[in-house]
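To start, the structure itself, in structure tokens.
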């Protein structure tokens with residue numbers, strides 16, 4: 003009874019050590035319940051936002067007709083509008099948002115840096131560069147452009163990995179090398195577009211800002227299957243994030259093979275970015291903002307990765323809807339909207355980090 007009285011008194015300790023274990027179990031259960039609640043609310047928000055997006059467009063449809071069309075009814079015109087035009091765009095936005103956000107959460111947790119995201123580290127820039135090389139230099143179109151984007155992202159990731167490796171992968175070194183590579187990719191992308199004629203350069207616009215307007219068919223199928231596989235793998239293996247966040251020495255003392263675990267998770271995150279960018283182009287700031295929101299809601303670890311994915315899906319779809327309908331007569335790709343909204347967040351984050359030190 004002494005141990006329990008000490009807990010009631012606020013020490014949290016007992017003579018035999020069992021009470022702290024019980025309290026730790028209760029804390030973990032509370033964290034799980036909080037994560038489930040937050041994820042449920044986020045999913046409900048995504049569903050509501052997606053349904054709203056199905057209603058909006060040049061041809062407005064009542065909710066009853068949209069529901070009927072989703073369940074196999076509706077006339078051919080309604081099926082074309084809902085299932086052929088709007089639903090694929092919504093699905094592409096949601097899947098891309100999940101991929102970018104989960105990749106960003108993984109990068110930031112492993113590298114211990116809230117600014118470590120694929121677009122800042124150059125992974126997204128590498129994908130854009132690969133796509134533009136295929137489009138502007140090789141004259142390729144269709145799936146070959148997506149393949150070039152995928153190869154560009156993976157190639158840049160390999161270069162960053164090789165340069166940053168020094169008897170192990172260190173977060174700050176990886177980030178600094180990635181920022182330098184990002185500037186190089188940006189310069190090469192600008193040079194390719196400036197060297198191309200106007201007509202061809204316009205067709206390359208997607209690979210510089212990001213768009214989900216024309217993602218359907220095989221591209222959407224590839225994005226769906228690839229995101230499901232890679233995101234599922236990241237979620238399964240993300241249990242290694244919590245010990246890694248504690249630092250390499252502590253993670254090793256808990257039996258984690260640090261370099262192998264970090265390499266596995268970073269590789270899966272790069273695959274997510276490469277896949278999403280190869281289909282939609284680089285959608286900026288989702289990988290940076292969504293994980294930060296998730297960490298504030300549920301803390302670190304695997305729960306934050308999954309929650310970041312749902313939040314990223316919501317942010318991407320909301321940005322796409324805003325780009326289409328926020329200003330009458332003006333349609334902006336989703337990447338433009340996320341860039342406008344994400345830039346102030348980066349400035350705030352930099353100011354906050356400068357005042358308080360790295361978070």
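Numbering (the working numbering), first residue to last: 3 to 361.
Even for Gly, the Cβ is constructed at its ideal location relative to N, Cα and C.
**Request:** Just the C-alpha distance for residue 326 and residue 93, rounded to the nearest angstrom, thanks.
**Result:** 16 Å
**Request:** Please classify residue 26: does DSSP put it in a helix, a strand, or coil?
**Result:** Low confidence applies to residue 26: its pLDDT is 49, below 50, so where it sits in the model is not reliable enough to give any reading.
**Item:** Cα-Cα separation between residue 232 and residue 166, rounded to whole angstroms
**Value:** 24 Å
**Request:** Quick one: residues in its chain with C-beta nearer than 6 Å to the C-beta of residue 162, no 5 flanking neighbours on either side, listed in chain order?
**Result:** 179, 180 and 183
**Asked** Among 296, 332, 301 and 330, which has the Cα closest to the Cα of residue 2?
**Response** In the structure as shown, the chain begins at 3 and stops at 361. Residue 2 is therefore absent and cannot be evaluated.
**Message:** Here's the rule: buried if 16 or more other CB atoms are within 10 angstroms of the residue's CB, otherwise exposed. What is residue 322?
**Reply:** buried
**Message:** Assuming residue 101 is part of the alpha helix (DSSP H), what are its boundary residues?
**Reply:** 89 to 113
**Request:** Identify the continuous alpha helix (DSSP H) that holds residue 152 and give its terminal residues.
**Result:** 145 to 166
**Test item: CB-CB of residue 282 and residue 52 under 7 Å** = no
**Prompt:** Applying the criterion that 16 or more other CB atoms from any shown protein chain within 10 Å of the CB defines a buried residue, is residue 65 buried or exposed?
**Reply:** exposed
**Asked** Below 7 Å between beta carbons: does that hold for residue 226 and residue 287?
**Response** no
**Item:** For residue 264, the three-state DSSP class (helix, strand or coil)
**Value:** helix
**Asked** Is it a yes or a no for the stretch 66 to 75 touching the stretch 187 to 200, going by three-plus beta-carbon pairs under 8 Å?
**Response** no
**Request:** Determine the closest residue to residue 141 out of 203, 277 and 125, with distance taken between C-alpha atoms.
**Result:** 203
**Message:** Mapping the DSSP letters down to three states, classify residue 333 as helix, strand or coil.
**Reply:** coil
**Short Cβ contact (7 Å threshold) for residue 37 with residue 305** = yes
**Item:** Given 8 Å, three or more beta-carbon pairs between the stretch 107 to 115 and the stretch 260 to 278
**Value:** yes
**Request:** Indicate the three-state DSSP secondary structure (helix, strand or coil) for residue 241 in the structure shown.
**Result:** helix
**Prompt:** residue 279 and residue 148: beta carbons closer than 7 Å?
**Reply:** no
**Item:** For residue 343, the nearest candidate out of 308, 290 and 130 (CA to CA)
**Value:** 290
**Item:** Alpha-carbon to alpha-carbon, residue 320 and residue 312
**Value:** 12 Å
**Asked** In whole angstroms, what is the alpha-carbon distance linking residue 60 and residue 214?
**Response** 17 Å
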